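For reference, the structure is listed below as structure tokens.
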Amino acid sequence: MKPFAPERKWLSCSAGRRQHPGTCQPGRGASGGGGGGVTSRGTPLAYALGGALVLALALLGLCLWQGAVAREWLVGVGRPLSAEAFAPLLRRPRLDFARLAAGARGGSFLGVLGGRFDMEAPPLREELRAECPLAFLRPSLADVAAGAAKPYLFGGQRPGCVNCNDPAKGRWCAYDSELSHSGAPICPAAEQATLMAHFNGRAAAGDAWAANMLRMTPCDLWPFLRGRTLWLLGDSITQESMRASECFLQEFWGAVPPWSKPSANESAIATSKTAGGVDPWCMELVQGARVCHLRSNNGASWADHVLPVFDGLGVRRDDIVLANFALWINKEPELRANLTAFADYVAAHAEEMPFIVWRDSSAQHFNTPDGDYVGVSWPWSCRAIGDDPEAMQLAPDGTLSSDRPELQVIVQGGWRNKILSPVVAGLGVPVMETWNQTVPLWQYNHHYNPTCGDRYDCGDCTHTCHPSMYEMWLYHLYETLLDSQDALLAHWAGRPQIRPHGPGAANTL
1 MKPFAPERKW LSCSAGRRQH PGTCQPGRGA SGGGGGGVTS RGTPLAYALG GALVLALALL
61 GLCLWQGAVA REWLVGVGRP LSAEAFAPLL RRPRLDFARL AAGARGGSFL GVLGGRFDME
121 APPLREELRA ECPLAFLRPS LADVAAGAAK PYLFGGQRPG CVNCNDPAKG RWCAYDSELS
181 HSGAPICPAA EQATLMAHFN GRAAAGDAWA ANMLRMTPCD LWPFLRGRTL WLLGDSITQE
241 SMRASECFLQ EFWGAVPPWS KPSANESAIA TSKTAGGVDP WCMELVQGAR VCHLRSNNGA
301 SWADHVLPVF DGLGVRRDDI VLANFALWIN KEPELRANLT AFADYVAAHA EEMPFIVWRD
361 SSAQHFNTPD GDYVGVSWPW SCRAIGDDPE AMQLAPDGTL SSDRPELQVI VQGGWRNKIL
421 SPVVAGLGVP VMETWNQTVP LWQYNHHYNP TCGDRYDCGD CTHTCHPSMY EMWLYHLYET
481 LLDSQDALLA HWAGRPQIRP HGPGAANTL
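In this text, residue positions in the sequence shown follow my numbering: the first is 1, and each later residue adds one.
Right, here's the structure in full:
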């Protein structure tokens, strides 16, 4: 679990003032004697002068703060901010005076108010630190639980947002439940409330992962995106993840609309979509960042049609690729063959590969003993794994358990992940582990299948509506990249990420 900044603790000093730890020293309190202590009495003139000085400093600070706000929010705003836009920033600010002083020396005052990079453990490596293009106020868990703040991952927006008003994506990215239908699979309002109750409950029970996910801002992910492309490579599940990324990073759009082709190489583009049938597209962001989607459904197609044209698509070695295949494959020999094709290719071309992160397979919730798709015919009836929401227990530390012998394969991550993850990890590729967190989300597996039209009860036990697992994967990605900083920097420095192995080594499973 990757916590943001720890809660600040305060000490009570002799005068009842709150002091930062380490600042309560003898002779410094209101009643302490000597050594620069504050006397208890003074002349009226001294009081008047002191009051005037405090007022002048307060006015100066306010002017500087407003100037910093206007400067920071200029990108993408283009109009004066209203009082309503500032109101959330003025509510219960949590001041860190050391950072406030840094702000006065040219830093960010909004960062002081919990906006950007409000995390100190674990720290970002110095080489990755980056000023965020915009300021985002990090919501408190109390405000999220009370409904006073909406997490950015689940449709929350910063005050004064502009692209949230985009006619094509604005309502969709707010996850407006009136748009709920199979062509834009947004969860009905009642289910969005249930999802928030699920994550709020987990956070209240001590799940640090859920707590940090609810407080995440787009600025947390920004150091890994600035100046490079994040490629999302996979099947329709990954395609839905692209839509979640478009919304979470909406205010960072570099143009409106932000869509573009990955490159001008039409031959590479045509080759890359051989097994996916969907044109690749990119979302252009500020500061040279992009997020691009490549639709290809299995590892053999990657090795034949996608990885060989990376250069033509514009993939650079300092880019990041979030990759997954699994759910199109329902037989173990076929899965192993696809894994071998992928693993052998990336090992043989380690010097030219971008930094790869592997997303593990998500859980399915078909009406079968373990929820897995085994050729069941439509209409599908989705249900909790084991036909009982209590059959699988997800502990606050993120571990799964079950007392039912037939469900131990679920505890172990599902049969696909048992095959894929060890081989991928053996290549030196970090595995983004999402399985456990998707197991309880069976209620959201619906209304994606186009057969259903506009019906809310459309069963689809693989995909989910938005927001749900696709949005929470962005926090999984942040966690994984934070854990992989050393490997990421080594890769960018010219040392290959991929560990070579002999041809066909993946067949030894």
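Here a beta-carbon is modelled for each residue, glycine too, at the ideal position from N, C-alpha and C.
Since the model is a prediction, treat every value here as computed from it, not as a measurement.
Remark: fewer than three beta-carbon pairs, one from each stretch, lie closer than 8 angstroms, so the region 194-214 and the region 312-332 are not flagged as touching.
Under the three-state reduction of DSSP output, residue 145 falls in the helix class.
DSSP places residue 248 inside the alpha helix (DSSP H), whose first and last residues are 236-248.
Of all C-beta pairs linking the region 262-275 to the region 486-502, fewer than three are shorter than 8 angstroms, placing the two stretches out of contact. Here DSSP, grouped into helix, strand and coil, assigns residue 216 to coil. Under the DSSP definition of a beta bridge, residue 394 partners with 400.
The three-state secondary structure of residue 328, taken from DSSP, is coil. Here residue 281 is buried: its Cβ has 16 or more other Cβ atoms, across all protein chains shown, within 10 Å. Under the three-pair Cβ rule at 8 angstroms, the region 205-219 does not count as touching the region 229-243.
The Cβ atoms of residue 338 and residue 299 lie closer than 8 angstroms to each other. Within its own chain, the residues whose Cβ lies closer than 6 angstroms to the Cβ of residue 296, once the five positions on either side in sequence are excluded, are 275, 276, 302, 306, listed in chain order.
The continuous beta strand (DSSP E) containing residue 322 extends over residues 320-323. Sequence-distant partners of residue 223 (beyond 5 residues in either direction) whose C-beta falls short of 8 angstroms from its own C-beta, in its chain, are 124, 128, 129, 130. The residue from 380, 356, 180 with its alpha-carbon nearest to that of residue 366 is 380. Secondary structure note for residue 356: its beta strand (DSSP E) is the uninterrupted segment 355-359. In the structure shown, residue 231 falls within a strand segment according to DSSP collapsed to helix, strand and coil. For residue 171, the enclosing alpha helix (DSSP H) stretches over residues 170-173. Here residue 412 is exposed: its Cβ has fewer than 16 other Cβ atoms, across all protein chains shown, within 10 Å. When rounded, the separation of the alpha-carbon atoms in residue 163 and residue 495 is 39 angstroms.
For residue 295, the enclosing beta strand (DSSP E) covers residues 290-295. When DSSP reads this structure, residue 415 sits in no beta bridge, so it has no partner. Closest option to residue 141, judged by alpha-carbon separation, among 152, 135, 134, 326: 152. Annotation note: the region 251-309 contains the following uninterrupted alpha helix (DSSP H) runs of length 4 or greater, listed N- to C-terminal: 266-272. Here the region 206-216 lies against the region 393-403, with 3 or more beta-carbon pairs under 8 angstroms apart. The DSSP-derived three-state label of residue 423 is helix. In the three-state reduction of the DSSP assignment, residue 429 falls in the coil class, being assigned neither a helical nor a strand state. Check the Cα spacing between residue 469 and each of 446, 482, 149, 377: the tightest is with 446. The Cβ-Cβ distance between residue 472 and residue 443 does not fall below 8 angstroms. Around the beta carbon of residue 259, a 10 Å sphere encloses fewer than 16 other beta carbons of the protein chains shown; the residue is thus reported as exposed. In this structure, the CA atom of residue 244 is about 8 angstroms from the CA atom of residue 466. For residue 446, the secondary structure class from DSSP, reduced to helix, strand or coil, is strand.
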